[in-house]
């Protein structure tokens with residue numbers, strides 16, 4: 023498994039709208055990508071955010087990068103982003119105890 027981490031900062035007043043847009047637009051697009059395993063969005067009150075999307079292989083990550091889906095989604099946040107997003111890819115060495123998805127947030 024591979025984790026692609028996007029670090030970004032949005033205007034603090036745009037956090038709620040950015041979260042909504044991520045949930046309603048980015049996640050459905052990511053779910054259509056081959057190898058998709060899941061996604062987390064971590065946010066702070068100052069506008070810093072980390073999006074962690076999980077994929078089954080580096081080959082599928084590369085195919086996603088080449089498809090243009092990422093670039094299309096980033097454009098939707100153009101008026102909210104304060105700094106250029108930064109992306110890094112990591113091999114997932116340990117993944118245990120992850121359960122729930124959206125249901126976990128509602129608990």
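In our numbering, the protein residues as written are 23 to 129.
Note that the Cβ used here is the ideal one computed from N, Cα and C, for glycine as well.
Just so it is clear, the structure is predicted and the values come from calculations on it, not from any experiment.
- Out of 100, 84, 104, the CA that lies nearest to the CA of residue 26 is found in 84.
- Secondary structure note for residue 34: it is in no alpha helix (DSSP H), with a DSSP letter that is neither H nor E.
- Scanning its chain for C-beta atoms nearer than 6 Å, with the 5 sequence neighbours on each side dropped, one finds around residue 63 the residues 44, 73, in chain order.
- For residue 55, the CB contacts under 6 Å within the same chain, skipping 5 residues up- and downstream, are 86 in chain order.
- Cβ neighbours of residue 33 within its own chain (closer than 7 Å, five residues either side excluded): 69, 102, 104.
- Taking residue 47 as the centre and dropping the five residues before and after it, the same chain places the C-beta of 95, 98 closer than 8 Å to its C-beta, in chain order.
- Rounded to the nearest angstrom, the gap between the Cα atoms of residue 118 and residue 106 is 32 Å.
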